[in-house]
Amino acid sequence: MTTSFQDYQELYQTKLIPLRHIVEFEKGLRLHDNPALEYAAKGSDRLFPVFVIDPHYMEPDPNAFSPGSKRAGLNRIRFLLESLVDLDLNLQKLGSRLLVLKGEPSEVLFRCLKEWSIKKLCFEFDTDPYYQALDDKMKKYAAGGGIEIFSPVSHTIFNPADIIQKNGGRPPLSYQSFVKLAGEPLWASSPISTELNWLPPVGNVGNCPISEVPSINELGYEDTQEDERTPFKGGESEALRRLRESISNKEWVANFEKPKGDPSAFIKPATTVLSPYLKFGCLSSRYFYQCILEVQRNSKRHTSPPVSLLGQLLWREFFYTVAFGTPNFDQMKDNRICKQIPWKDDDELLSAWRDARTGFPWIDAIMVQLRKWGWVHHLARHCVACFLTRGDLFVHWEKGRDVFERLLIDSDWAINNANWLWLSCSSFFYQYNRIYSPISFGKKYDPNGNYIRHFLPILRDMPKEYIYEPWTAPLSIQVKAKCIIGKDYPNPVVAHDIASKECRQRLYEAYELNKRLNGKVSDEDLKSLGRKLEEDKRPGSKSKRLKQTLIG
DNA sequence: AGCTCGTTGGTACA
DNA sequence: TGTACCAACGAGCT
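Have a look at this one:
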């Protein structure tokens with residue numbers, strides 16, 4: 001004989017069956033300011049803190065271009081595992097623990113809900129398409145089973161849906177209009193909860209296969225050497241330590257100006273490096289916001305958005321909002337805010353860029369740091385993204401996006417795609433004449449080339465006069481520096497002066513096409529422009545025309 | 001239709 | 001270190 005749903009209701013009310021809740025962690029790997037966790041804990045007798053290891057995300061992929069899974073490089077997987085270990089430890093301090101399960105997340109969760117007779121399922125609201133799909137499945141299932149779902153917005157400061165609604169159903173497309181719409185968060189003047197001092201005990205897990213947080217080896221990876229690993233350690237504890245360290249220098253916080261940061265600083269990075277902790281929710285963006293606000297209130301003067309530290313958090317909010325409100329945000333096709341541009345499909349140029357073989361030391365050093373550390377300075381990201389797309393190689397921004405998405409420990413679906421749209425002049429930013437020089441930009445910050453020497457040791461002994469353009473060094477100098485260009489270090493894949501001019505011309509024509517067709521550019525239109533541009537490139541081509549003739 | 005403004009360019013010149 | 005010039009974009013507002 002089975003027990004009906006109504007019978008269960010009565011049993012719960014009379015407390016014959018303890019009230020069992022699940023808090024499921026996706027991002028939000030923290031105890032502080034975690035509304036889903038607090039709500040799940042409230043009024044429950046048994047709390048099951050769950051994390052599901054999705055093989056799709058975590059299983060080794062031997063075909064990938066770098067160690068890791070299909071979707072994530074090993075540095076980010078390690079960062080995630082460290083964050084889970086820390087979360088588990090922090091839960092244990094309150095008499096709870098993290099229950100790790102493996103499998104397709106919705107299947108695993110359905111089973112848990114059934115096996116543990118769960119009444120409430122709580123998880124943080126997530127705007128990423130991958131989690132939206134999962135969360136929708138869970139909501140449908142729960143609705144059919146009389147299970148309450150609580151899914152608060154706590155990964156971002158503002159609710160993207162609110163902002164979009166305020167703007168008449170479409171996301172604002174400029175930073176300033178976003179800031180105006182967003183205003184101050186409701187809780188800006190009243191402290192948010194950051195202390196959690198009690199959790200209900202974990203219930204009997206029955207037949208569900210629970211494991212500890214796996215190690216890298218247990219997931220099937222061979223561990224990399226220490227100098228190939230990111231120096232940044234995952235977890236809430238490390239996030240809060242880093243936060244306190246950053247904000248302890250009040251003057252630095254108050255006077256922060258992003259564009260003035262030094263992209264070549266690597267012993268002590270010019271920014272907080274809190275991005276990976278925000279990405280995984282080891283650090284609450286709302287708590288971070290509150291901390292910065294407090295420093296500003298106690299300072300005589302401080303910088304303002306967009307360049308201030310608070311302004312950086314608002315960029316994150318802006319991009320989350322646009323990404324949430326724009327269908328096909330992560331591609332050029334069928335993306336209403338993305339310019340249609342006939343990018344080249346050139347795997348050789350792409351792999352030269354990806355594998356740090358462009359022959360431009362500034363670019364290659366950044367790509368080495370990206371691969372080893374999983375983090376590079378914001379402006380360094382700009383340089384390599386511009387170089388790959390509109391600046392020099394004219395390779396599709398989606399290709400570069402994929403590489404960043406894999407290698408960055410802070411790679412975040414909304415922010416990564418937004419920045420590639422930005423840097424490729426596909427959306428948000430359109431001044432395609434402004435191209436970062438792969439030679440002079442880095443030199444400005446680091447004339448001696450210390451950054452290059454560190455990440456490209458083959459160029460360690462190259463005199464500073466040539467280190468940004470080693471192909472110009474006389475052979476005798478190359479011999480003395482033990483680095484022959486073309487043998488020990490590659491020749492440049494393009495001549496920057498020529499390549500960048502050509503890119504400008506291509507962008508000009510693509511913009512003209514978008515204007516003429518009012519953004520409705522078909523595949524055929526794009527292909528035909530692509531062919532025309534290739535034709536123009538040929539020396540002595542009859543169809544070669546300059547901008548001036550087109551304007552006239 | 002016209003206006004202002006825009007997270008962070010490069011180069012030449014004072 | 002500051003400024004003019006390059007060439008001239010779109011979003012959002014009036």
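So the first sequence is numbered by full-length UniProt numbering: it starts at 1 and just counts up by one. The beta-carbon is built from N, C-alpha and C at its ideal position, and this holds for glycine as well.
* To do: Give me the Cα-Cα distance between residue 561 and Lys501, rounded to the nearest whole angstrom.
  => This structure cannot speak to residue 561, because the chain is shown only from 1 to 552.
* Ser83 and Cys282: beta carbons closer than 8 Å? -> With contacts defined as CB atoms closer than 8 Å, Ser83 and Cys282 qualify as a contacting pair.
* From Thr224, Pro259 and Lys268, pick the residue whose C-alpha is nearest to that of Glu245; which is it? -> When each option's Cα is compared against that of Glu245, the closest is Lys268.
* Close beta carbons around Asp128, own chain, < 6 Å, minus the five adjacent residues each side -> Same-chain partners within the cutoff: Trp413.
* Asked: For Tyr436, is the classification buried or exposed, using 16 other Cβ atoms within 10 angstroms of its Cβ as the cut-off for buried?
  -> It counts as buried.
* **Euclidean distance between Cα positions of Tyr320 and Glu251** => Counting only the Cα atoms, Glu251 lies some 29 Å from Tyr320.
* Any alpha helix (DSSP H) of 4 or more consecutive residues that is wholly inside the stretch 336 to 423 -> If we require 4 residues or more, the alpha helix (DSSP H) runs fully inside the stretch 336 to 423 come out as 347 to 354, 361 to 373, 378 to 386, 397 to 407 and 413 to 423.
* To do: Only counting runs of 3 or more residues, tell me where the beta strand (DSSP E) segments fall wholly within the stretch 70 to 116, in order along the chain.
  => The stretch 70 to 116 contains these whole beta strand (DSSP E) runs: 99 to 102.
* How many angstroms separate the CA atom of Lys213 from the CA atom of Thr230? -> Sequence check: residue 213 is Val here, not Lys. Taking the straight line from one Cα to the other gives about 20 Å.
* Under a Cβ-count criterion, where at least 16 other Cβ atoms within 10 Å of its own Cβ denotes burial, should Gln165 be classed as buried or exposed? -> With fewer than 16 other beta carbons inside 10 angstroms of its own, Gln165 counts as exposed.
* State yes or no: is the C-beta of Ala352 within less than 8 Å of the C-beta of Asn417? => Not in contact: Ala352 and Asn417 (Cβ atoms no closer than 8 Å).
* Asked: Less than 8 Å separating the beta-carbons of Ala356 and Asp345?
  -> The answer is no: Cβ separation not under 8 Å.
* Beta carbon of Ile498, beta carbon of Glu469: below 8 Å? -> The answer is no: Cβ separation not under 8 Å.
* To do: Have a look at Met379 and Cys503 and give me their C-alpha separation to the nearest angstrom.
  => Met is not the amino acid found at residue 379; the sequence shown has Leu there. Going from the Cα of Leu379 to the Cα of Cys503 covers about 20 Å.
* To do: Go to Phe288, then tell me how far its alpha helix (DSSP H) extends in each direction, as first and last residue.
  => Ser285 to Arg297 is the extent of the alpha helix (DSSP H) around Phe288.
* Asked: At what residues does the alpha helix (DSSP H) containing His56 begin and finish?
  -> That run of the alpha helix (DSSP H) goes Pro55 to Met58.
* **Proximal residues to Leu89 (C-beta, below 6 Å), its chain only, five neighbours per side dropped** => So the list is empty, once near-sequence residues are dropped.
* Could you pull out every residue in the same chain whose Cβ sits closer than 8 Å to the Cβ of Lys547, ignoring the five residues on either side in sequence? => Note that Lys547 scores a pLDDT of 40, beneath 50, so its modelled location is shaky and nothing firm can be said.
* Looking at C-alpha atoms only, which residue of Lys260, Asp227, Asn298 and Thr224 is the closest neighbour of Ile247? -> Ranking the options by Cα distance to Ile247, first place goes to Asn298.
* With DSSP collapsed to three states, give me the class of Lys487. => Looking at Lys487 - three-state DSSP - the assignment turns out to be coil, as it is neither helix nor strand.
* Give every residue of the same chain whose Cβ lies closer than 7 Å to the Cβ of Ile415, excluding the five residues on either side of it in the sequence, and list them in chain order. => Cβ contact annotation for Ile415 (same chain, cutoff 7 Å, sequence separation greater than five): Arg316 and Phe319, in chain order.
* Given a cut-off of 8 Å, decide if Ile484 and Ser426 are closer than it, judged by their beta-carbon atoms. => Not in contact: Ser426 and Ile484 (Cβ atoms no closer than 8 Å).
* Span of the alpha helix (DSSP H) holding Arg242? -> For Arg242, the enclosing alpha helix (DSSP H) covers residues Glu236 to Ser248.
* Asked: Going straight from the alpha carbon of Gly191 to that of Leu293, what length do you get?
  -> Looking at the sequence provided, one finds Pro at residue 191 rather than Gly. Straight through space, the alpha carbons of Leu293 and Pro191 are spaced by roughly 11 Å.
* **Residue span of the beta strand (DSSP E) that contains Glu148, given as start and end** => Here the beta strand (DSSP E) through Glu148 covers Glu148 to Phe150.
* **As assigned by DSSP and simplified to three states, the class of Val52** => Here Val52 carries a strand assignment [DSSP, helix/strand/coil].
* To do: With DSSP collapsed to three states, give me the class of Phe123.
  => In the structure shown, Phe123 sits in a strand (DSSP, three-state: E or B).
* Is it right to say Ala495 is buried, meaning 16 or more other beta carbons lie within 10 angstroms of its own, or is it exposed? -> It counts as exposed.
* Assign Ser543 to one of two classes, buried (16 or more other C-beta atoms within 10 Å of its C-beta) or exposed (fewer than that). => Residue placement at Ser543 is flagged as unreliable, the pLDDT there being 43, under the threshold of 50; the coordinate-derived value follows with that caveat. Around the beta carbon of Ser543, a 10 Å sphere encloses fewer than 16 other beta carbons of the protein chains shown; the residue is thus reported as exposed.
* In the stretch 180 to 241, which residue ranges form an unbroken beta strand (DSSP E) of at least 3 residues, counting only runs that do not cross its ends? -> Taking only runs of at least 3 residues, no beta strand (DSSP E) segment lies wholly in the stretch 180 to 241.
* Between the C-alpha atoms of Trp343 and Gly519, what's the straight-line distance to the nearest angstrom? -> Computed Cα separation, rounded: 16 Å.
* Asked: Under the rule that 16 or more other beta-carbon atoms within 10 Å means buried, what is Ser215, buried or exposed?
  -> Exposed: under 16 other Cβ atoms inside 10 Å.
* To do: Answer with buried or exposed for Thr326, where buried requires no fewer than 16 other C-beta atoms within 10 angstroms of its C-beta.
  => Burial call: buried.
* Check whether the Cβ atoms of Ser66 and Arg371 lie closer than 8 Å to each other. => In this structure, Ser66 sits near Arg371, with a CB-CB distance shorter than 8 Å.
* To do: Report all residues from its chain with a CB closer than 6 Å to the CB of Val85; omit the five preceding and five following residues, and keep chain order.
  => Only Val213 meet the Cβ criterion.
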